Amino acid sequence: MADRLRIRLHAGEQHLLQRLARVHGRAAPTSIRSTAAGLAYSLSKLSAAAIPFVLLPVLTSYGAAPALAVVSVAMALLATLVFTSPPAPRAPRWT
2 MADRLRIRLH
12 AGEQHLLQRL
22 ARVHGRAAPT
32 SIRSTAAGLA
42 YSLSKLSAAA
52 IPFVLLPVLT
62 SYGAAPALAV
72 VSVAMALLAT
82 LVFTSPPAPR
92 APRWT
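Position in the sequence shown (from 1) plus 1 gives the number in the numbering used here.
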């Protein structure tokens, strides 16, 4: 019984991922998607380089709890931005 359920869940996952890939692949032209991906990659590298310069002074001056609080606030801010951003435009249906 458990094996059957696991196979069904796996097949459902594959179907969902295929549908998501089809929708998001056509949500914007390739040039816009590639620019957005490059910008996201560059910003992630820039933030990874800046984090030690922000967190180490907080860690040495105030301790671990405030440093973790800074990280928590940053993650909460990013989650808020993600969940409040407008949805992607709907892609045309190809039937």
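Glycine is no exception: its CB is placed at the ideal position from the N, C-alpha and C atoms.
It should be emphasised that the depicted structure is a prediction, and the values quoted were computed from it without experimental measurement.
Can you name the start and end residues of the alpha helix (DSSP H) that residue 32 belongs to?
-> 31-63
For residue 60, I'd like the list of residues in its chain whose CB is within less than 6 Å of its CB, leaving aside the five on either flank, ordered along the chain.
-> 68
Could you check the C-alpha separation between residue 58 and residue 30 for me, to the nearest Å?
-> 43 Å
Reduced DSSP category for residue 84 - H, G, I as helix; E, B as strand; rest coil = helix
Give me the Cβ distance between residue 71 and residue 82, rounded to the nearest whole Å; I'm assuming they're in contact under 8 Å.
-> At roughly 17 Å, the Cβ-Cβ gap does not stay under 8 Å, so residue 71 and residue 82 are not in contact.
Going straight from the alpha carbon of residue 34 to that of residue 79, what length do you get?
-> 20 Å
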